[in-house]
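Written below as structure tokens is the structure these notes are about.
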Amino acid sequence: MRLQGKVTLITGSGSGIGQSSALLFAKEGATVIVNDLSEEKGRETVSMITEAGGDATFIQADVTNPDSVKAMVEQAIAAYGRIDVLFNNAGISGVGAIHEIEPDAWDRVINVNIRGVYLPCKYVIPYMMERREGSIINMSSCIAEIGLARRASYSATKGAVLALTKSMQVDYAKYQIRVNALLPGTILTPFVENYLRTSYDNPEEGYESLKKRQLSGDLGRPEDVAKAALFLASDESRFMMGSPLYIDGGTTFG
Ligand code: NAD
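The sequence shown: position 122 = 122 (full-length UniProt numbering), numbered continuously.
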């Protein structure tokens, strides 16, 4: 059991990579605090975990809202006394070149994908500093490192999350808090299914072109990223600090 006794909080874990990570963390002995904007999706993840004999609880919160995030963290601390692992996973997609993106749509992506990392960190880190330990995993993307067409707002956020990860690591290393980033390639989740539906006249064709972009010749699975998250959450990665971890089927360097 690689996370036995650890209290973990995963934002956006009602779906996709977050849900898969929640299931894996629980299987490895963690208590999982499942967060999502959607109560229905979050509760579904909790049911899946408890039916498999794991320990999970749902806390609804919008990661862009300070009051909501603060209340979530206080509720988690009241229940468990600490948070050992914070996985900032919640995120949304944004499609378009700069001239095609309306200001509101730009702000929405920036808010969820950057403010939605800042706020959970802001409220969880003081508790980690007190205990002088913790692992924070920030969800970036391989798009932080490569140029992809019509992904301006999304790329900007994932690049920012990577830079933020390094900056945070410098600030919190002295408290034995590790901060690392995940950089997935294209992973088949509801997020990508939605992107295919909204960006291609023929989603099947879109799927084929996404597959070709990765050296692996196929899309990744949520479990592929969950296993990397498990590694960063566990003490096995104790010597990793401020690192980008690529799970991209060879997209970045291919
Ligand atoms: P997903 O859409 O399946 O899941 C995201 C979850 O986040 C949803 O359950 C959603 O309700 C939740 N969420 C959205 N806004 C929220 C908010 N304001 N507060 C709380 N929860 C909120 O997506 P996914 O593909 O599993 O992606 C998860 C993360 O991985 C995202 O940050 C995404 O940018 C990143 N990522 C995904 C891919 C991919 O190809 N799927 C690749 C690289 C990075």
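Beta carbons are placed, not taken as given, at the ideal position from N, Cα and C, and that holds for glycine.
Once the 5 residues before and after residue i are set aside, which same chain residues still bring their CB inside 7 angstroms of it?
i: Gln169; result: Val179, Met241 and Gly242
i: Gly217; result: Lys211
i: Met72; result: Asn35, Ile59 and Ala61
i: Lys70; result: Tyr123
I'd like the list of long-range same chain contacts for residue i, defined as Cβ closer than 8 angstroms, with 5 residues on each side in sequence excluded.
i: Asp55; result: Ala26, Ala30, Thr31, Val32 and Ile49
i: Arg150; result: Val95, Gly96, Ala97, Glu100 and Ser199
Taking only heavy atoms of the ligand NAD into account, decide whether any of them is closer than 7 angstroms to the Cβ of residue i.
i: Ser135; result: no
i: Leu24; result: no
i: Thr186; result: yes
i: Gln202; result: Here residue 202 is Asn; the residue named in the question, Gln, does not match the sequence. Every heavy atom of the ligand NAD is 7 angstroms or more from the Cβ of Asn202, so no.
i: Phe253; result: no
i: Leu56; result: A small correction: the amino acid at residue 56 is Ala; Leu does not occupy that position in the sequence shown. No, the ligand NAD has no heavy atom inside 7 angstroms of this Cβ.
i: Pro126; result: no
i: Tyr218; result: It should be pointed out that residue 218 corresponds to Asp in this sequence rather than to Tyr. False, no ligand heavy atom lies under 7 angstroms from that Cβ.
i: Met139; result: yes
Using C-beta distances below 6 angstroms, list every residue in its chain close to residue i, excluding the 5 sequence neighbours before and after it, in chain order.
i: Glu133; result: Gln176
i: Ile114; result: Thr157 and Ala160
i: Glu39; result: Gln60
i: Gly116; result: Val63, Thr64 and Ala90
i: Glu145; result: Thr252
Quick one: give me the first and last residue of the alpha helix (DSSP H) that residue i is part of.
i: Val109; result: Pro103 to Ile110
i: Ser153; result: Ala152 to Tyr172
Open item on the list: Taking contact to mean 3 or more Cβ pairs, one atom from each stretch, closer than 8 angstroms, check whether the segment 125 to 135 and the segment 182 to 196 are in contact.
Closed with: Below 8 angstroms, too few C-beta pairs join the segment 125 to 135 and the segment 182 to 196 to call them touching: fewer than three.
Open item on the list: With three or more C-beta pairs closer than 8 angstroms as the rule, is the segment 220 to 227 touching the segment 3 to 20?
Closed with: yes
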